[in-house]
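In what follows, a single structure is set out as structure tokens and then discussed.
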Amino acid sequence: MSGEFFWSCAENEPLGRVSRALGVPETFCIEVSTHGWEDEGRVMDELARAFSVSDSFGRNWDAVTDCLAEVRASRPDLVVVFRDIPESEAARLNLARAAQLVEPGTVVLDGWKKPGIELPFVDATRVVPVRILKTS
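Now the structure itself:
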């Protein structure tokens with residue numbers, strides 16, 4: 001399932017259809033709302049909620065990296081569906097940061113219409129393809 005790409009699905013596609021299209025049980029899927037992700041504090045709150053992290057979660061990108069590495073190790077077939085994607089550049093940057101930490105190939109971007117997503121790196125930006133997930 002993993003690879004150097006992300007998936008997109010129709011906006012508000014039912015989770016059952018997404019899971020069937022990817023060949024994983026629906027219980028392996030997590031939905032994450034990106035509403036309000038212009039605010040990095042909101043990003044940290046939503047990620048902590050979605051991944052049930054401990055109270056000691058550091059609320060920074062290094063902590064997110066560590067947390068998601070632990071989640072991936074314990075649940076390698078996990079699929080994350082990012083919903084409610086805002087149009088703002090700041091929110092999409094936070095989405096890209098979170099998506100790349102989950103793992104390409106296991107991320108579904110709800111209603112994403114572009115053929116790629118820009119991922120920030122220290123000295124450059126890289127565009128990763130976004131493939132359409134056929135759910136019907």
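Those letters in the sequence shown? Residues 1 to 136, by our numbering.
Ideal placement from N, C-alpha and C gives every residue a C-beta, glycine not left out.
Here the C-alpha atom of isoleucine 117 lies approximately 13 Å from the C-alpha atom of glutamate 87.
The alpha-carbon of leucine 78 is positioned some 7 Å away from that of threonine 106.
Between glutamate 38 and alanine 99 a beta carbon distance of about 16 Å is seen, past the 8 Å cut, so the two are scored as non-contacting.
With fewer than 16 other Cβ atoms from the protein chains shown falling within 10 Å of its own Cβ, phenylalanine 121 counts as exposed. Approximately 6 Å separates the beta-carbon atoms of valine 130 and leucine 109; this is inside 8 Å, confirming the contact.
Between tryptophan 61 and isoleucine 85, the CB-CB gap reaches or exceeds 8 Å.
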